[in-house]
Amino acid sequence: MSGDLLVVRDLVKHFPVRGGVFGRAVASVRAVDGVSFSIPRGATLSLVGESGSGKTTTGRLVLRLVEPTSGEVSFDGTDVLRADRGTLRALRKRMQIIFQDPYASLNPRMTVGGMLGEILRVHRLARGAAVAARVAELLDLVGLPGAAADRYPHEFSGGQRQRVGIARALAVEPEFIIADEPVSALDVSIQAQILNLLKDLQERLGLTYLFISHDLAVVRHISTHVAVMYLGRIVETAPAADLFAAPVHPYTKALLAAAPVPDPAARRDRVVLAGDVPSPINPPSGCPFHPRCPDVRPECPRTAQRLADTGSGHFAACAVHAPERH
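Residues in the sequence shown are numbered consecutively from 1114, following this note's numbering.
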């Protein structure tokens, strides 16, 4: 589609597990196992799932911070996975990432102004006196005073450090940003401020987001589309409003049922899943969710379901909603 800025097709990443005297590969961790999605310009796709579902690895594969086993990633028509060094360097100015831990991702030995200024000089975006002016502009953009340029990361609160991380991502004027659990380490009140900042920046700068989170309340607030991951695969994807109003896959229903609601009088059906998430080294046959699924059918252990349209752009990989049933 011409309106899609990012298109991912059949993305796979298997990490080898080595053992024995010679360190040979004896197994593989199927971290990402055939993920496909697209993001229209100016939209926000959220990847949601439990820890270990493959969300963060997917984001790093898109940027080629981790090399994939196979698959395709196209950014504005450019094949990211086959790009040479020069092309990839140019793409990195257009594609950026905000990391989960704003303290670990900032250099503790450099001031904020030093970090941002270095980016501007390396990418030849500003020189001389223009560097300090651009740094002040970036800090103002994320709601920090100009005096913050002379301070070190340890002098900021968690929310302020994440604002610095956002400013760093914006320094090269990107079109696309991956936000990897950007508010999970912050207090709830600060989370709302950072989410509102991200939404405001998206409107002002025309940004496109891939937002990675396990928190459905956060996802509801910022997403235009949602993709739910389980054991390295996307099991459901839909416009955000549709997914929260009428989830289809049993795993999505369980995630929504587990999310806290602010109204203590509100009643809803509980969905209790049996067992734990299986190991990605030896995933179940057929549908990977079948050992824990409350709606399991005889064909589920035998047949891996592909995403099927259940109506209005709502897709689910579930035998209950397989194409022949419609």
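C-beta atoms are modelled at their ideal positions from N, C-alpha and C, and glycine is treated no differently.
Inter-residue Cα distance where the pair is residue i and residue j
i: D1214; j: A1196; result: 29 Å
i: C1406; j: V1175; result: 30 Å
i: S1159; j: V1339; result: 5 Å
i: D1189; j: D1123; result: 18 Å
i: L1251; j: A1358; result: 38 Å
i: V1125; j: S1141; result: 12 Å
i: G1162; j: H1327; result: 5 Å
i: L1283; j: A1239; result: 14 Å
i: D1293; j: Q1275; result: 12 Å
i: P1396; j: C1413; result: 13 Å
i: E1185; j: S1425; result: 26 Å
i: H1236; j: P1258; result: 24 Å
i: S1483; j: E1268; result: As displayed, the chain neither begins before 1114 nor continues past 1439, which places residue 1483 out of reach and without an answer.
i: M1114; j: G1147; result: With a pLDDT of only 41 at M1114, under the threshold of 50, the placement of this residue in the model should not be trusted; the figure read from the coordinates follows. Roughly 20 Å between the two C-alpha positions.
i: C1400; j: V1244; result: 53 Å
i: I1394; j: A1138; result: 12 Å
i: S1302; j: L1201; result: 38 Å
i: V1332; j: G1155; result: 16 Å
i: V1433; j: R1415; result: 14 Å
Local Cβ density within 10 Å of residue i, reported as buried at 16 or more and exposed below that
i: E1349; result: buried
i: I1325; result: buried
i: P1129; result: exposed
i: P1221; result: exposed
i: T1169; result: buried
Chain B within 8 Å of residue i, Cβ atoms only
i: P1391; result: The structure shown contains no chain B; it is built from a single protein chain.
Beta bridge counterpart(s) of residue i as assigned by DSSP
i: A1138; result: R1131
i: S1159; result: F1324, V1339
Counting Cβ pairs, one atom from each stretch, are 3 or more of them under 8 Å apart for the segment 1418-1430 and the segment 1342-1359?
The segment 1418-1430 is in contact with the segment 1342-1359.
Three Cβ pairs or more, each shorter than 8 Å: is that satisfied between the segment 1287-1301 and the segment 1315-1333?
At 8 Å Cβ cutoff, the stretches touch.
Return the chain-ordered ranges of every alpha helix (DSSP H) run that is complete within the segment 1233-1314 and spans a minimum of 4 residues.
Every unbroken stretch of the alpha helix (DSSP H) spanning 4 or more residues and falling wholly within the segment 1233-1314 is given here in chain order: 1242-1254, 1271-1283.
Curious, which full-length alpha helix (DSSP H) runs of at least 4 residues does the segment 1188-1233 contain?
Counting only runs of 4 or more, we get 1198-1207.
Given 8 Å, three or more beta-carbon pairs between the segment 1241-1251 and the segment 1223-1230:
Yes, the segment 1241-1251 touches the segment 1223-1230.
Stretch pair the segment 1366-1375 + the segment 1383-1400: three plus CB contacts closer than 8 Å
Touching, yes.
Completely contained beta strand (DSSP E) runs for the segment 1320-1390, where each covers 3 or more residues:
Whole beta strand (DSSP E) segments, 3+ residues: 1321-1326, 1338-1343, 1346-1352.
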